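Participant: Just passing along the structure, written as structure tokens.
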Amino acid sequence: MSHGDAKDNENNPPSPPFSKGGDPLSPPLENGDTGGFSGEIKKEPKGIIRSAASDETLKGRNIFAADGSYALAGTGMKGPLPENPYTLVGVLRGPEKKAVFREYTGSIVTLTVGNKLIDGAVITRIDNLSVKVKKGKERRELRIFHVDNPKQASR
């Protein structure tokens, strides 16, 4: 800042809101006034307004399904079953062995010996890597994809 700039400021004082003794541009707010334009209609703050959706509405909607429904396995799809309506994805070992299937509808189901699959086949046996099913006179063995690791087998 040059010496001449300070002299110019003495001759051109700041506007009233910035002056120490000058009148401000607008009068001070009255008690309870929140400011704003003079013609403005003041509304009382009401807080957050939420729609009153009941819990039952929320509980009745399946957020993981496109249509929001909880259709039972096999009832959500119309038409005939595909040739292979399920895939064996795993076997749970424990006090009771359980087979884990992925149905063509996308559902994952866990079944034990004696339970029926979506096509009516009954589980007759569950082994570590396979499940045997029977449908009428037809018997099938479903196997989990498994590759033996020769390095672990030699230990």
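Here the sequence shown stands for residues 0 to 154, where the numbers follow numbering that gives the first Met the number 0. Glycine included, each C-beta is placed from N, C-alpha and C at the ideal position. No experiment lies behind these values; they were computed from the predicted model shown.
Considering only residues of the same chain and omitting the five flanking positions on each side of ASN127, which have a CB-CB separation below 8 Å?
Facilitator: Taking the sequence shown and counting its residues from 1, one reaches residue 127 at position 128. Excluding residues within five positions, the ones whose Cβ falls inside 8 Å are VAL90, ARG92.
Participant: Looking only at its own chain, which residues have a Cβ that is under 6 Å from the Cβ of ASN114, when we skip the five neighbours before and after it?
Facilitator: Position 115 of the sequence shown, counted from the start, is the residue given in the question as residue 114. Excluding positions up to five away in sequence, the list reads ILE122.
Participant: Is ILE62 a contact residue of the ligand SAM, with contact defined as CB to any heavy atom under 7 Å?
Facilitator: Annotation note on the ligand SAM: not contained in the displayed structure, which lists no ligands.
Participant: Within this structure, are the beta carbons of ILE117 and PRO81 separated by less than 8 Å?
Facilitator: As a working mapping, residue 117 is identified with position 118 in the sequence shown. As a working mapping, residue 81 is identified with position 82 in the sequence shown. No. Outside cutoff.
Participant: From this set, PHE63, GLY135, ILE143, which residue's C-alpha is nearest THR104's C-alpha?
Facilitator: Counting from one through the sequence shown, the residue named residue 104 turns up at place 105. Among PHE63, GLY135, ILE143, the Cα nearest to that of THR104 is on PHE63.
Participant: Is it right to say ILE47 is buried, meaning 16 or more other beta carbons lie within 10 angstroms of its own, or is it exposed?
Facilitator: Taking the first residue of the sequence shown as position 1, residue 47 is located at position 48. Classification of ILE47: exposed, given that the 10 Å Cβ count is below 16.
Participant: Our contact map puts GLY119 next to LYS134 with C-beta atoms below 8 Å; I'd like the distance itself, whole angstroms only.
Facilitator: Translated into positions along the sequence shown, residue 119 becomes position 120. Translated into positions along the sequence shown, residue 134 becomes position 135. At roughly 6 Å, the Cβ-Cβ gap stays under 8 Å, so GLY119 and LYS134 are in contact.
Participant: Assuming the contact rule is C-beta atoms closer than 8 Å, THR160 and GLU95 should be a hit. Round their C-beta distance to whole Å, please.
Facilitator: Nothing in the structure corresponds to residue 160, since the chain is present only between 0 and 154.
Participant: Just tell me which of VAL99, PHE100, LEU87 has its CA closest to the CA of ARG142.
Facilitator: Translated into the one-based positions of the sequence shown, residue 142 becomes position 143. Of the candidates VAL99, PHE100, LEU87, the one whose C-alpha sits nearest the C-alpha of ARG142 is LEU87.
Participant: For ILE125, does the count of other Cβ atoms within 10 angstroms reach 16, so buried, or fall short, so exposed?
Facilitator: By one-based count along the sequence shown, residue 125 stands at place 126. With 16 or more Cβ atoms within 10 Å of its Cβ, ILE125 is classed as buried.
Participant: In this structure, how does DSSP classify LYS133 when only helix, strand and coil are distinguished?
Facilitator: As a working mapping, residue 133 is identified with position 134 in the sequence shown. Three-state result, LYS133: strand.
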